[in-house]
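Colleague: Sharing a structure below in structure tokens format, with a few things to ask.
Residue numbers (the numbering used here), protein chains in the order written: chain A, 965 to 1227; chain G, 965 to 1227.
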């Protein structure tokens, strides 16, 4: 099968113009099929503040009300996404900017109300992602760039976690490609010593993970990322890479600098 | 050749939620290949005002400065475009929301500075529109919906007249399809008596146009629209229809209610 890289970047890349430009040059240079998923960054909060839309939180979780979904649709789906596309096009990369509503690429449901009503927040329906439509783009050299938005098939846009979109797409497309899911974050990789960037654990298998856990060697904050990585692998993704956006080029080769997670 | 309808709507449809929903139901029901181009409506001005971005005009022409291009990118490319896509998807229409930067679908150049510097405004390079990419979407049942934005291939989004985008796409795709270009506006069609909506001139050929001009029967404001229609026809478009958005279904059949312009 052909290789596919599904790459997620967050606010630390998007909020810094120089970091973003450097990252997009690296993304453009990857000589394989590739999909980018970007988070929102701080600009949505800034524009929301300017428009007098207050952020609402319940139990520390952000609520997406009517005014907020309009702002994130504007900022993530419009401003951030289209700036990325214009830059990638200028770097010779035939990118297309999308939300999950476009061509119904990421069907989702509004999160059911339990203790908390999160508002216009989506839970992805991974099984219904149209693999053929994704292939139509990828196999014709058109590279999707997703804003963290989906839709409910009832006319509403839904605010959706970018990490979840990345893993859902990686899982859906693992039927058609050898998928490496790449999470860019603020460290070089999973560190054995959180104070030491040179202590990257280069390879984590399930056995190695159990060993690291039993030796109590991992920073608690990284555990959900590793658990999610193994969940993606159990669902068909070949490997997951956690690393620094600045190391993207190397992290899409066999000579990875970040942490490669595999069975 | 297969039929293709290239349909443009403006602010009078977009600014009214009920009009927009009715129009989108009609668009979804057209049993042919179709492309929608939407203008911006008043919401960009409203949000610009709320964000403290003043509209700049020189000689009555709006200037798109740095702050303004960000606002129209957010509002046209994000809010308006994605709301339309979510609604079309809910109506069973597999729409995809795009700007001209996406997949490089509408290459443009920043308008050269002569007497006036219009700022980030684009002039479409019709000859470079990638017909094969458009066909890839249309022939696979994916229906493009364009915001009035293009790009300069140097990393910048450009504010671009929606009528021009519509005619450029119609011209470029006339090599592959029998194209009817449909302009929705606030009247039933070109009126012989501007006060009387029942006086629609149902067919205008070039001969008929010369006759109407010589008889001084046309409202001056409509002449540029008819001139642009004949320019599109001279460049390969089969026919142009000017009519009311509410009559869309009929205006995409042989029994048109608006004004059909043809050679």
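Just so you know, even glycine gets a beta-carbon here, dropped at the ideal spot from N, CA and C.
Tell me whether residue 1056/G is buried or exposed, calling it buried when 16 or more other Cβ atoms sit within 10 Å of its Cβ.
Modeller: Burial call: exposed.
Colleague: Along the segment 988-1012 of chain A, what residues have a CB closer than 8 Å to any CB found in chain G?
Modeller: Of all residues in the segment 988-1012 of chain A, 1011 have a Cβ within less than 8 Å of some Cβ in chain G.
Colleague: Comparing the C-beta of residue 1050/A with each C-beta of chain G, is any distance below 8 Å?
Modeller: With 8 Å as the cut-off, residue 1050/A counts as an interface residue toward chain G.
Colleague: Could you give the first and the last residue of the continuous beta strand (DSSP E) run that contains residue 1188/G?
Modeller: Looking at the DSSP string, residue 1188/G is not in any beta strand (DSSP E); the run it does join, the alpha helix (DSSP H), is 1187-1198.
Colleague: Using a beta-carbon distance below 8 Å, is residue 1058/A in contact with chain G?
Modeller: At least one chain G Cβ lies under 8 Å of residue 1058/A.
Colleague: Checking 8 Å against the spacing of the C-beta atoms, do residue 1088/A and residue 1138/A come in under that value?
Modeller: No.
Colleague: Looking only at its own chain, which residues have a Cβ that is under 6 Å from the Cβ of residue 1063/G, when we skip the five neighbours before and after it?
Modeller: The answer, listed in chain order, is 1041, 1111 and 1113.
Colleague: Among 1222/A, 1213/A and 1217/A, which one has its Cα closest to the Cα of residue 986/A?
Modeller: When each option's Cα is compared against that of residue 986/A, the closest is 1213/A.
Colleague: Chain A partners of residue 1041/G, CB-CB under 7 Å?
Modeller: Those are 1042 and 1046, listed as they occur along chain A.
Colleague: Going along the chain, which residues of its own chain have a beta-carbon closer than 7 Å to the beta-carbon of residue 1011/A, five neighbours each way excluded?
Modeller: So the qualifying residues of the chain are 1035 and 1039.
Colleague: For residue 1182/A, does the three-state DSSP call read helix, strand or coil?
Modeller: Here residue 1182/A sits in coil by DSSP.
Colleague: Near residue 1167/A, what residues of its chain come up, given a Cβ to Cβ distance below 6 Å and the 5 sequence neighbours on each side ignored?
Modeller: Only 1224 meet the Cβ criterion.
Colleague: Is the CB-CB distance between residue 1108/A and residue 971/A below 8 Å?
Modeller: It is not a contact, given that the beta carbons lie outside the stated cut-off.
Colleague: Taking only runs of the beta strand (DSSP E) that begin and end inside the segment 1090-1136 of chain G, which ones reach a length of at least 3 residues, in chain order?
Modeller: Whole beta strand (DSSP E) segments, 3+ residues: 1107-1110, 1113-1115 and 1121-1123.
Colleague: Compare the C-beta of residue 1178/G against all C-beta atoms of chain A and say whether one is closer than 8 Å.
Modeller: So no, residue 1178/G is outside the interface.
Colleague: List the endpoints of the continuous alpha helix (DSSP H) containing residue 1032/A.
Modeller: Note, residue 1032/A: alpha helix (DSSP H), 1030-1036.
Colleague: Just to confirm before moving on: does the CB-CB distance between residue 1022/A and residue 1080/A stay below 8 Å?
Modeller: The answer is yes: Cβ separation under 8 Å.
Colleague: Would you say residue 1038/G reaches chain A, if we count a Cβ-Cβ gap shorter than 8 Å as a contact?
Modeller: Taking Cβ atoms only, chain A reaches closer than 8 Å to residue 1038/G, which makes this a yes.
Colleague: Determine the closest residue to residue 1127/A out of 967/A, 966/A and 975/A, with distance taken between C-alpha atoms.
Modeller: The candidate whose alpha carbon is nearest that of residue 1127/A is 975/A.
Colleague: Taking its Cβ as the centre, do 16 or more other Cβ atoms sit within 10 Å of residue 1104/G, making it buried, or is it exposed?
Modeller: Result: exposed.
Colleague: Counting only Cβ pairs nearer than 7 Å, list the residues of chain G close to residue 1061/A.
Modeller: Here the neighbours are 1066.
Colleague: Taking 8 Å as the threshold (beta carbon to beta carbon), is residue 1145/G in contact with chain A?
Modeller: Chain A, which has no Cβ nearer than 8 Å to the Cβ of residue 1145/G, makes this no.
Colleague: Quick check on residue 1173/A: does DSSP put it in helix, strand or coil?
Modeller: Residue state, collapsed to three classes: helix.
Colleague: Just checking: is the beta-carbon of residue 1219/G within a distance shorter than 8 Å of some beta-carbon in chain A?
Modeller: Not an interface residue.
Colleague: Taking the beta carbon of residue 1152/A as the centre, do at least 16 other beta carbons fall within 10 Å, making it buried, or is it exposed?
Modeller: Buried, by the Cβ-count rule.
Colleague: In the DSSP assignment, find the beta strand (DSSP E) that holds residue 1020/G and state where it starts and stops.
Modeller: That run of the beta strand (DSSP E) goes 1020-1022.
Colleague: What is the DSSP secondary structure of residue 1152/A, reduced to helix, strand or coil?
Modeller: Looking at residue 1152/A - three-state DSSP - the assignment turns out to be coil, as it is neither helix nor strand.
Colleague: Using the C-alpha atoms, what's the distance from residue 1093/G back to residue 1051/A?
Modeller: Approximately 19 Å, taken between the alpha carbons.
Colleague: Leaving aside the five residues before and after residue 993/G along the sequence, list all residues of the same chain whose C-beta is less than 7 Å from its C-beta, in chain order.
Modeller: Counting only Cβ-Cβ distances below 7 Å, and skipping sequence neighbours, we find 1213.
Colleague: Identify every residue that forms a DSSP beta bridge with residue 969/G.
Modeller: Residue 969/G is bridged to 998/G and 1144/G.
Colleague: Have a look at the DSSP bridge pairing and note the partners of residue 1072/A.
Modeller: Residue 1072/A pairs with 1088/A.
Colleague: Please classify residue 1183/A as buried or exposed, where buried requires at least 16 neighbouring CB atoms within 10 angstroms.
Modeller: With fewer than 16 other Cβ atoms within 10 Å, it is exposed.
Colleague: Inspect the beta-carbon positions of residue 984/G and residue 1007/G and report whether they are closer than 8 Å.
Modeller: No, they are not a contact pair.
Colleague: Return the first residue and the last residue of the alpha helix (DSSP H) that residue 1208/A is part of.
Modeller: Per DSSP, residue 1208/A belongs to no alpha helix (DSSP H); it is in the beta strand (DSSP E), 1203-1208.
Colleague: Thinking C-beta only, is residue 1073/G closer than 8 Å to residue 1030/G?
Modeller: In this structure, residue 1073/G does not lie closer than 8 Å to residue 1030/G by Cβ.
Colleague: Please report whether the beta-carbon of residue 973/G lies at a distance below 8 Å from any beta-carbon of chain A.
Modeller: No, because no Cβ of chain A sits closer than 8 Å to the Cβ of residue 973/G.
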